[in-house]
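Only one structure is covered here, and it is reproduced in the block below.
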Amino acid sequence: MDHRKHNQRLDRFMTGLFYGVAAALVLLLVVFAAYVILKGFGGLTPEMLTFSSKGVMNQLFNTIYLVFLSLLISAPLGILAGVYLTQYAKAGKLSSLVQMSIETLSSLPSIVVGLFGYLVFILMTGQKWNLLAGALAVSILCLPLITSTTVDALSALPVSYLHGSMGLGATRWQTIRRVLLPAGRPRILTGLILAAGRGFGEAAALLYTAGMSTDINWSNWNLASPTCPLNPFRPGETLSLHIWAAFTESTASDARAIGNFSAALLLLLVLVFNLSVRQISRHFHLDAKNR
Amino acid sequence: MKHVSMFRKEYAGRVLVSICGVLMILITLSIGAFLVYKGSATFTVFGHSLGDFFLSADFNPSDSASGPAGTVGAAIFIAGSLLTCGLALLIATPFSLAAAIFMSSISPRLGQTYLRPAIEIFVGIPSIVYGWTGLTVLSPFIRDLFHLPYGNTVFTASLVLALMIFPTITSVAADSLAAVPVSYQQAAYALGSTRWQLIWRVMLPAAGPGIGTGMILGLTRAFGEALAVSMVIGKTRAFPKNLFSSTSTLTSVIASNMGNTFDGTEYNSALWTMALLLLLISLFFIILTHLLARQGGGGKHGPS
């Protein structure tokens, strides 16, 4: 009898403990995010909001532009590789080799990818730090994510889609383009957004590829000019690298405030992105239900 | 005529996606090949032995491009990485398990509405933000709390890393707990277990391989994290005397020194060797997860 009471007491204690830990973790997130954002915006000076060497808006633009470039590269490659794995690859050496490669890529430390990018896209091409090299490095990090979500999206589709389309006389390629990819679009899109989120925060892979400086002239729209905003061959410091710079070059008096604000801005960017993914996937979810 | 173009497209499509598939292999192989090529220079060009690299704590490579002119001992950085990541795993795992158990067994409803979204948002927070907050908030706090001369310690770095890897461990552990057959739970309750007994004696052992996989994935992330760790580890080139002294890790020494070295020098090669070591460590972790997965697959047929 005593034994049983002990067990029940232990059970109640552990239940309480689990509730406590869960509440503490949710609280930690809320406090962390609120603290970073409030502290960042608390030290905000009007200067920081300018597109100049003292502001962080150029860095914000670089961050978004770099992620855009890297998705431009990694999205088609990743989606097509996912199509290959689910539709064309026969179970065998080659497809398991592709799968192994994807797994290896996804667990590579980003600093290693950064070094590889530095060697191949900067040293071997003889270029200076540039946005495209950074975008290529980030693409390597995004590729496994996009490929595996595409594989998940396509293999979750009912096999009757494939049979129905092929039965109507469509080729496999037509089936993929007209039936399978559109049907898998919501999940593929979620994968792309996750990849973008990863790109926004990436720093180590960009340290030696995209460079730590940025010099943009917003009235210069000559793509070949090194100060044109849209020229991918100019150095492009991102927000995350700006935080790193606030740490390594902390001699500037306002480095702390700039770092705080950059962190707040970056966190806000990622949070907004994250919440919109939830909305989009919920929207698609409802859509699918209503059909 | 239309059929011809239709089949031409079919073949073109097949070739296109196959190229993309093979491209994955090529990227992976070329990363591996370049790292081996650059990383092996320490041993082949500069003539250091494996012992010089792994076992020596004397790290003072030269900027010359020939001969063993300096020393390349990486023992401090290897030890620093092992210690911070191991400690981070020790700190994060209990919290991750508690969160995973909460979501799967205690209150799936609250877990799904609050805890899971929170954890998914935690995953998305850039590591540099964790690092910066660690530097500006956690580090001074730890300095004052333990009356230290500085707050950038092994312990600080481990805490920051633990925060970073806990969502990874949690989501994998939660998935494997959710995959435990309901019949196990019914059997345990029918035998008169309390919920805690069910969790402790049945759920956790049954989900063991999955939890192990989550821990390894977390460890992989911790080992590869560079900038956030650099911000809070203090970057001194000495073995840590205790948890409250600063040291360096493999990633922090690469991140802070690569830009100051020239391609092809001894210093540069030593850093590449460390990058190669990081690659080998992540490959080792992949193999480990495969071994665990095989074990988990065997366990499906019955309780072991």
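Protein chains in written order, with our numbering: chain E, 831 to 1121; chain Y, 7 to 310.
C-beta: ideal position from N, C-alpha, C; glycine also.
Only counting runs of 4 or more residues, tell me where the alpha helix (DSSP H) segments fall wholly within the region 836–889 of chain E, in order along the chain. none
Identify the contact partners of Gly27(Y) in chain E, using a Cβ-Cβ distance below 7 Å as the criterion. Ala911, Tyr914, Leu915, Ala919, Val928
Taking 8 Å as the threshold, find out whether the region 154–173 of chain Y comes into contact with the region 250–258 of chain Y through three or more Cβ pairs. yes
By a C-beta neighbour count over all protein chains shown, 10 Å radius and 16 as the cutoff for buried, is Pro876(E) buried or exposed? exposed
Within its chain, find whatever has a CB closer than 6 Å to the CB of Gly1041(E); leave out the 5 residues flanking it on each side and keep chain order. Trp959, Pro1065
Uninterrupted alpha helix (DSSP H) stretches inside the region 211–285 of chain Y (no shorter than 4 residues): 214–230, 233–239, 256–263
Hey, how far is the Cα of Leu915(E) from the Cα of Ala299(Y)? 21 Å
Straight-line CA distance for Ser236(Y) to Leu910(E)? 37 Å
Cutting at 6 Å between CB atoms, please list the residues of its own chain near Thr77(Y), excluding the five before and the five after it. Asp64, Asn66
Where do the N-terminal and C-terminal ends of the alpha helix (DSSP H) with Leu924(E) fall, by residue? 923–937
Chain Y residues whose Cβ lies nearer than 7 Å to that of Val866(E): Val135, Thr139
Length at least 3, wholly inside the region 13–73 of chain Y: the beta strand (DSSP E) runs in chain order: none
Contacts that Leu1098(E) makes with chain Y (C-beta to C-beta distance below 9 Å): Those within 9 Å of Leu1098(E) in chain Y number zero; the least Cβ separation is about 10 Å.
Compare the Cα-Cα distances from Gly19(Y) to each of Tyr991(E), Thr1057(E), Gln917(E) and report the closest residue. Gln917(E)
DSSP puts Thr1057(E) in a beta bridge; with which residues? Bridge partners of Thr1057(E): none, in fact.
Could you tell me which of Gly86(Y), Ala179(Y), Ala194(Y), Gly117(Y) sits nearest to Leu103(Y), measuring between CA atoms? Ala179(Y)
Going by DSSP, which residues form a beta bridge with Thr77(Y)? Asn66(Y)
Where does Asn892(E) land, buried or exposed, given buried means 16+ other C-beta within 10 angstroms? buried
Among residues of its own chain, excluding the 5 on either side of Thr977(E), which ones have a beta-carbon nearer than 6 Å to its beta-carbon? Gly908, Ala911, Gly912, Ile932
Whose C-beta lies closer than 7 Å to the C-beta of Thr1044(E) among residues of the same chain, with five residues either side of it excluded? Asn888, Gln889, Asn892, Pro1065, Gly1066, Glu1067
Quick one: Cα of Lys306(Y) to Cα of Val188(Y), how far? For Lys306(Y), the predicted structure reports a pLDDT of 42, less than 50, and the residue's modelled location is therefore unreliable. A value from the coordinates is still provided. One C-alpha to the other measures close to 13 Å.
Can a CB atom of chain Y be found closer than 8 Å to the CB of Val942(E)? yes
Mind checking whether Val856(E) and Leu121(Y) have CB atoms under 8 Å apart? yes
So with Cβ pairs under 8 Å, would you call Met844(E) a contact of chain Y? yes
Whole angstroms is fine: what's the gap from Lys241(Y)'s alpha carbon to Leu169(Y)'s? 20 Å
Taking the alpha-carbon positions, what's the Ser1083(E) to His1072(E) distance? 15 Å
Looking only at C-alpha atoms, which of Leu223(Y), Ser145(Y), Pro123(Y), Phe101(Y) sits nearest to Thr295(Y)? Leu223(Y)
So with Cβ pairs under 8 Å, would you call Ser310(Y) a contact of chain E? Any reading at Ser310(Y) needs caution, since the residue's pLDDT is 33, under 50, leaving its predicted position unreliable; the model's value is listed next. Not one chain E Cβ lies under 8 Å of Ser310(Y).
Step through the CB atoms of chain Y and report whether any lies within less than 8 Å of the CB of Pro1016(E). no
Beta-carbon neighbours of Phe291(Y), restricted to chain E and to distances below 8 Å: Ser937
Answer yes if the region 925–943 of chain E comes into contact with the region 29–41 of chain Y, meaning at least three C-beta pairs across the two stretches below 8 Å, and no otherwise. yes
Give the residues of chain E in contact with Glu16(Y), contact being defined as C-beta atoms less than 9 Å apart. Thr1001, Arg1002, Trp1003, Gln1004
Span separating the alpha-carbon of Gln1004(E) from that of Phe13(Y): 10 Å
Ser275(Y) beta carbon less than 8 Å from that of Phe52(Y): yes
If you measure between the beta carbons of Leu901(E) and Ala1025(E), is that distance less than 8 Å? yes
Which residues of chain E have a Cβ atom closer than 9 Å to the Cβ of Tyr120(Y), listed in chain order? Ala852, Ala853, Val856
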